[in-house]
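Take 8 as the starting number for the sequence shown in this note's numbering and just add one per residue.
Glycine included, C-beta positions come from ideal geometry on N, C-alpha and C.
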Amino acid sequence: MAAAEQRSGRLTILVNNAGVQNSATTIEATDPAVWDHTFAVNVTGQFLGIRAVTPAMRRAGGGVIVNIGSAMAYGGTALYAPYAAAKWAVRGLTLSAALELGRDNIRVNAIHPGVVSTKLINEPATPGGRPIADFYDPRPYAVPRLGEPADVTAALLYLTSGEASFATGAELVPDGGLLLGPALPAGV
8 MAAAEQRSGR LTILVNNAGV QNSATTIEAT DPAVWDHTFA VNVTGQFLGI RAVTPAMRRA
68 GGGVIVNIGS AMAYGGTALY APYAAAKWAV RGLTLSAALE LGRDNIRVNA IHPGVVSTKL
128 INEPATPGGR PIADFYDPRP YAVPRLGEPA DVTAALLYLT SGEASFATGA ELVPDGGLLL
188 GPALPAGV
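In structure tokens:
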């Protein structure tokens with residue numbers, strides 16, 4: 008953080024966008040090391056990012072932190088308990104940080120994307136595994152396609168802009184209607 012602050016003169020935006028997915032497995036069969044690793048990257052990494060950037064943002068007179076979570080943070084997901092639980096934790100971390108840092112003019116928000124065409128979706132979590140894209144079918148949902156990175160970027164640009172200056176503790180969910188459940192069949 009010090010190098011970034013020195014290079015730019017001030018540090019006012021942090022996007023916490025680290026994430027790992029576990030391979031599909033039941034809770035009973037999940038290796039505790041997989042659980043720990045998933046939480047270390049998806050939650051502890053964001054915690055450490057917030058902790059590290061806060062002093063620089065205070066010196067700058069404020070800033071914006073955007074944590075990237077997942078739509079899986081809004082429900083349970085069979086075979087992906089470590090990932091879903093970690094993304095629930097990101098929601099709690101975001102809200103706690105928003106409450107703590109608001110008086111320092113530091114806004115903290117989150118984006119919880121649905122299924123977006125990225126390496127996390129298009130490549131297997133482990134060698135020999137199947138990528139999520141192989142079995143995810145977006146056709147039943149309101150926006151029947153995979154999300155694109157640009158869909159998440161648009162939400163990010165909004166949250167880091169002055170247009171969102173009154174938003175803190177906000178959670179945007181660009182998911183194409185995934186959390187809504189199946190839409191009306193085509194032609195109805």
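Locate the beta strand (DSSP E) running through residue i, then write down its first and last residues.
{"i": "LEU166", "result": "Taken as a continuous stretch (DSSP letters only), LEU166 belongs to no beta strand (DSSP E), being part of the alpha helix (DSSP H) at 156–166."}
{"i": "GLY5", "result": "Since the first residue shown for the chain is 8 and the last is 195, residue 5 is missing from the structure and cannot be characterised."}
{"i": "ILE20", "result": "20–23"}
Report the partner residues of residue i according to the DSSP bridge assignment.
{"i": "GLU178", "result": "ALA117"}
{"i": "VAL123", "result": "GLY154"}
Quick one: give me the first and last residue of the alpha helix (DSSP H) that residue i is part of.
{"i": "ALA10", "result": "9–15"}
{"i": "LEU191", "result": "Run containing LEU191: none; DSSP gives neither H nor E here."}
With distances taken from CA atoms, which of the options is nearest residue i?
{"i": "THR175", "options": "ASN112, PRO151 and GLY194", "result": "ASN112"}
{"i": "ILE128", "options": "ALA140, ILE118 and GLY121", "result": "ALA140"}
{"i": "VAL159", "options": "ALA91, GLN28 and ILE118", "result": "ILE118"}
{"i": "GLU155", "options": "LYS126, SER30 and ALA105", "result": "LYS126"}
{"i": "SER124", "options": "LEU106, ASP144 and PRO134", "result": "ASP144"}
{"i": "GLY68", "options": "ILE20, LEU86, PRO134 and PRO39", "result": "ILE20"}
{"i": "ASP182", "options": "TYR165, ARG58 and GLY76", "result": "GLY76"}
{"i": "THR33", "options": "ALA85, GLU107, GLY52 and LEU185", "result": "ALA85"}
May I have the straight-line CA-CA distance separating residue i from residue j, to the nearest angstrom?
{"i": "LEU191", "j": "PHE54", "result": "40 angstroms"}
{"i": "THR101", "j": "VAL115", "result": "6 angstroms"}
{"i": "LEU187", "j": "VAL150", "result": "11 angstroms"}
{"i": "VAL180", "j": "GLY83", "result": "16 angstroms"}
{"i": "VAL97", "j": "ASN49", "result": "8 angstroms"}
{"i": "PHE173", "j": "GLY136", "result": "43 angstroms"}
{"i": "ARG10", "j": "ALA157", "result": "Reading off the sequence, residue 10 comes out as Ala, not Arg. If you take the alpha carbons of ALA10 and ALA157, they lie about 28 angstroms apart."}
{"i": "ALA59", "j": "SER168", "result": "22 angstroms"}
{"i": "PHE46", "j": "ALA78", "result": "16 angstroms"}
{"i": "ASN23", "j": "ALA31", "result": "24 angstroms"}
Check whether the Cβ of residue i lies closer than 7 angstroms to any Cβ atom in chain C.
{"i": "ALA10", "result": "Given the protein chain composition of this structure (a single chain), no chain C is represented."}
Legend entry - Any beta strand (DSSP E) of 3 or more consecutive residues that is wholly inside the region 29–105: DSSP runs (the beta strand (DSSP E)) wholly in the region 29–105: 70–75.
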